[in-house]
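Peer 1: Let me begin by handing over the structure; questions about it come next.
There are 4 protein chains.
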Amino acid sequence: MKAEDRKALILMYSKQLFSEYGYHMTQISDIIKRARIARGTVYQYFKNKDDIFITLLDNYFTTWRNGLAKRDSELDFSKITAVDFLKQRIKTTLQFFADDHELCNIVLKMGVGLHDNIEKVIQRLEGDIQTIIKEELYLGQRTRNISEDMDTDLVANLLTGAVLRTALYYFVQEREAFKDKTVDELAEGITRVFAPGLFQKVPSEEQETNDPS
Amino acid sequence: MKAEDRKALILMYSKQLFSEYGYHMTQISDIIKRARIARGTVYQYFKNKDDIFITLLDNYFTTWRNGLAKRDSELDFSKITAVDFLKQRIKTTLQFFADDHELCNIVLKMGVGLHDNIEKVIQRLEGDIQTIIKEELYLGQRTRNISEDMDTDLVANLLTGAVLRTALYYFVQEREAFKDKTVDELAEGITRVFAPGLFQKVPSEEQETNDPS
Amino acid sequence: MKAEDRKALILMYSKQLFSEYGYHMTQISDIIKRARIARGTVYQYFKNKDDIFITLLDNYFTTWRNGLAKRDSELDFSKITAVDFLKQRIKTTLQFFADDHELCNIVLKMGVGLHDNIEKVIQRLEGDIQTIIKEELYLGQRTRNISEDMDTDLVANLLTGAVLRTALYYFVQEREAFKDKTVDELAEGITRVFAPGLFQKVPSEEQETNDPS
Amino acid sequence: MKAEDRKALILMYSKQLFSEYGYHMTQISDIIKRARIARGTVYQYFKNKDDIFITLLDNYFTTWRNGLAKRDSELDFSKITAVDFLKQRIKTTLQFFADDHELCNIVLKMGVGLHDNIEKVIQRLEGDIQTIIKEELYLGQRTRNISEDMDTDLVANLLTGAVLRTALYYFVQEREAFKDKTVDELAEGITRVFAPGLFQKVPSEEQETNDPS
DNA sequence: GATGAATGAGTCTTCATTCAT
DNA sequence: CATGAATGAAGACTCATTCAT
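If you read the sequences in order, they're chains H, U, B and R. Count along the first sequence from 1, add 3, and you get the number used in our numbering. Count along the second sequence from 1, add 3, and you get the number used in our numbering. Count along the third sequence from 1, add 3, and you get the number used in our numbering. Count along the fourth sequence from 1, add 3, and you get the number used in our numbering.
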């Protein structure tokens, strides 16, 4: 077997195990058992256990970035409405998670308690997602689709939280129950909830006071 | 020192450490060092490391339940508007997380890879939050404030994800940067985004865009 | 409660537990639980766990010695036959074990793996039993009841082994099944097996089968 | 080193230590120090400390069974006398213990206070020895060599106790003092004591009374 | 490259003993 | 004297990593 293939094999089985059992409860023994290779072989391709995990995350990260770039190149910004744009973004992101529910689980449910360098990678990924969303909200504000009073920081969190949890729920936790649910349906549903609140044209004076009476 | 006090002390320091370093990377050694007690003392009050963690989560769970009950008894359902009700709920939940940012971190960032019985407790907590939200959405539908076409499952996830992420972001991760941000402001902001989408009166024929007829 | 009574109480419960579970598997916690006293109280009466155990054995040792002395004073050496004497001795020893099946179990089944000072006490007890038996065999040889060719060392072991095992079997292991078996019956049975071999008058030339001359 | 060899090595050193210090006082640290291996190596071959001990006992058990079978196939039952048969059995058993004085010590001196599964194995071994002896006594009764009045249960205990104690005394405790004593001599001596009592043809009426004179 | 036996630092857990109240 | 919370040395077991074959 070629070196690259073997490395990919190890990654594949590791991904399965990390997704199901998490970083700590997945042992090298489990990986070599499932991959039917010798203990030492793992260390021929990876520096250590961390390295496997980080490689997995890095792959994910790269895939996600490429997905974003590809998507943008396909959009016709002159024609698309703000609502459709939002829906497109949500759909692309959901699709990304749907395509790899194992990595989805790893990223969305791993948190505190991993080694420092692992946490860094996860936070970079999460931070980047958030940043992109925020930038697009700014864009919306400049194009007058979104009120300037909107707290982009907060809204970015709302969107991120909502979308990531949706991904976790439909693609990992309740995967079987909703396997007929399409990414398109989910994106449509999310957009319908967020669009009215995001794209409302509210005069600033009414927004800033809670209750004028 | 009285038994209950000592137990509370151990729990307090454990909470700090679990929050900062997670379950796996927090060692009994760390706990006894910070609590300035002997190794054996921990085991006088807790069966093992799991037991400490689960006790912590159970306490949290109880606090949260009590908070919900207390809040409901204080609301005057005959006068409050749907929007204000939503805002109240969001605020209570955020307040709950704001009050204990350590447990907030533990619950929101712990996921896969803990022992079985620990995962169970966490999932129960998350599930209960989601269930309550869903029930209130049903209530909204019956009182005609929320469209019957709304996918309550999905919306419950959107709200849960949005609120939990907001809590994590403002009360844990960026705590220092936003320490002047009040819970009220956050609740207001979240409500403003969600209310228009939730309480819109949309005729069913316009919503069903996929209608084959 | 008086000091001596409390000490006796601790000894009593310790004996039960040591007999049932052995030295290592009996914990101070078990003793104080059964005796319904506080942990520290044990150490008011005994230096440590070893001390309890050794006190128990010493009591046993003393009881046994006294039993022997009492018995000898009751025998009329001018009238008793060698066979009856043997039977008497066996009976006394069996009675001694029968009277306290817990200590019987402790002594007969404890072996290697106890702390040094405990082992010493046990070996002293066993050694003393053996020595007494051997001395009586010498006496038998001098009174011409037992052949001078007899290997007293070996025979002492045979008797000791046979009697101790009988005690263990009938008074501890199969206690329930044979609770109607009297000590007298056992002594009679043992005597019947050993007497013919012990008191035979064998000419020396026939015994020394390995004689090279 | 091959796996089986390494396992045998660990067993060998463990046997030495268990024999000398017993189960509880022998630590994994002692074993790895004496075997000059790493701590983890032990756990590559054995599940835990119990597993080592039980493996040792099981090996012993198997050896003993095989010894019995081999011995029986070598005897010519048509020619041998009852006394010689007894002597042969005693000799075989003694030889068995003489061949491995460490396991002899472990089995003969271990008793109460070991973990449940260990005690089970020890009791099986002891029980089997006793059963075999009893069966042969029955055989003796059917062939009219042994009186039917004889209490086989009791006599089996006498023989077992006598032989096991002899083994312990000569092969373990006083090993150095009697290293010139042959197994044959011991078997001869034991037989000489037991044979007259076992093979006496006593009319039942004379047996039941103690001494009419 | 592949193997898997060997390694040993690291961790949890136990339990006899102490001592302030 | 009695109590029982606190102690900490000791010991079993784990598992990522190495390296000779």
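We treat Cβ as the ideally placed atom computed from N, Cα and C, and that holds for glycine. Since the model is a prediction, treat every value here as computed from it, not as a measurement.
#1: Roughly how many whole angstroms lie between the Cα atoms of Gln161(U) and Thr169(H)?
#2: Can you tell me whether DSSP reads Asn148(R) as helix, strand or coil?
#3: Exposed or buried, which one is Gly200(B) when buried takes at least 16 other CB atoms within 10 Å?
#4: Below 8 Å on the Cβ atoms is my guess for Leu144(H) versus Glu138(H); work out the distance and round it to an integer in Å.
#5: Where in the segment 21-71 of chain H do unbroken runs of the alpha helix (DSSP H), each at least 4 residues long, occur, reported from the N-terminal end onward?
#6: Given Phe64(H), which residues of its chain have a CB within under 6 Å of its CB, disregarding the five upstream and five downstream residues?
#7: Consult DSSP for Thr95(R) and reduce its assignment to one of helix, strand or coil.
#8: Mind checking Gln47(R): buried by the 16 CB within 10 Å criterion, or exposed?
#9: In the segment 177-199 of chain U, which residues sit with their C-beta less than 8 Å from some C-beta in chain H, listed in chain order?
#10: Count Cβ pairs between the segment 10-22 of chain U and the segment 98-106 of chain U that sit closer than 8 Å; are there 3 or more?
#11: Name the chain B residues whose beta carbon is nearer than 9 Å to that of Ala165(R)?
#12: Does the distance from the CB of Asn120(R) to the CB of Asp53(R) come in under 9 Å?
#13: Check whether chain B comes within 9 Å of Tyr63(R), counting only Cβ atoms and requiring the distance to be less than that.
#14: Tell me the DSSP secondary structure of Leu140(H) in three-state form.
#15: How close, in whole Å, do the beta carbons of Arg42(U) and Ile31(U) come, if the pair is a contact with beta carbons under 8 Å?
#16: Among the residues of its own chain, which have a CB less than 6 Å from the CB of Ala165(U), if the five just before and after it don't count?
#17: Please report the distance separating the alpha-carbon of Ala11(R) from that of Thr44(R).
#18: If distances are taken between C-alpha atoms only, which option among Arg147(H), Thr29(H), Ile132(H), Lys36(H) comes closest to Val86(H)?
#19: Distance, Cα to Cα, Thr163(B) vs His27(U)?
#20: For Thr194(U) and Val196(H), what's the separation of their Cα atoms in angstroms?
#21: Tell me the DSSP secondary structure of Pro215(B) in three-state form.
#22: Spell out whether any CB of chain B is found under 9 Å from the CB atom of Gln91(R).
#23: Answer yes or no: does any C-beta atom of chain U fall closer than 9 Å to that of Asp154(H)?
#24: Three or more beta-carbon pairs under 8 Å between the segment 122-136 of chain R and the segment 64-80 of chain R, yes or no?
#25: Please report how far the alpha carbon of Phe202(R) lies from the alpha carbon of Leu140(R), in whole angstroms.
#26: Taking 9 Å as the threshold (beta carbon to beta carbon), is Tyr173(R) in contact with chain B?
#27: Measure the C-alpha to C-alpha separation of Ile93(H) and Phe80(H) and round it to an integer number of angstroms.
#28: Looking only at C-alpha atoms, which of Ile13(H), Lys50(H), Gln91(H) sits nearest to Asp33(H)?
#29: Taking only the alpha-carbon atoms, compute the straight-line gap between Leu71(H) and Ile149(H) and give it to the nearest angstrom.
#30: Scan the segment 8-35 of chain B for residues whose Cβ lies nearer than 9 Å to a Cβ of chain R and list them as they occur along the chain.
#31: Might you give, ordered along the chain, the residues of its own chain that have their beta carbon closer than 7 Å to the beta carbon of Phe56(H), omitting 5 neighbours on each side?
#32: Per DSSP, what kind of secondary structure is Pro206(B) in: helix, strand or coil?
#33: Identify, in the order they occur along the chain, each residue of the same chain with its Cβ nearer than 8 Å to the Cβ of Pro215(B), setting aside the five sequence neighbours on each side.
#34: Comparing the C-beta of Leu3(B) with each C-beta of chain R, is any distance below 9 Å?
#35: Go through its chain and collect everything with a Cβ distance to Ala159(H)'s Cβ below 7 Å, but skip five positions before and after it.
#36: According to DSSP, is Ile125(H) helix, strand or coil?
Peer 2: The structure says:
#1: Gln is not the amino acid found at residue 161(U); the sequence shown has Leu there. The alpha-carbon atoms of Leu161(U) and Thr169(H) are separated by roughly 7 Å.
#2: coil
#3: buried
#4: The residue you asked about is not Leu; residue 144(H) is Gln in the sequence shown. Not quite, the Cβ-Cβ distance comes to about 11 Å (not below 8 Å), so this is no contact.
#5: 31-38, 42-48
#6: Leu128
#7: helix
#8: exposed
#9: Leu189, Glu191, Gly192, Ile193, Arg195, Val196, Phe197, Ala198, Pro199
#10: yes
#11: Asn160, Leu161, Leu162, Thr163, Gly164, Ala165, Arg168
#12: yes
#13: no
#14: helix
#15: 7 Å
#16: none
#17: 13 Å
#18: Arg147(H)
#19: 58 Å
#20: 12 Å
#21: Model confidence at Pro215(B) stands at a pLDDT of 46, short of 50, so the residue's coordinates are unreliable and nothing is read from them.
#22: no
#23: yes
#24: yes
#25: 11 Å
#26: yes
#27: 16 Å
#28: Ile13(H)
#29: 22 Å
#30: Phe21, Ser22, Glu23, Tyr24, Gly25, Tyr26, His27, Met28, Thr29
#31: Phe21, Tyr26, Ile121
#32: Low per-residue confidence applies at Pro206(B): pLDDT is 48, beneath 50, and the placement is therefore not dependable, though the value from the model is reported in the following sentence. Coil.
#33: Bear in mind that the predicted position of Pro215(B) carries a pLDDT of just 46, short of 50, making it too unreliable to give a figure here.
#34: Outside the shown range of chain B, which is 4 to 216, sits residue 3(B), and nothing can be said about it.
#35: Gln133, Ile136, Lys137, Leu140
#36: helix
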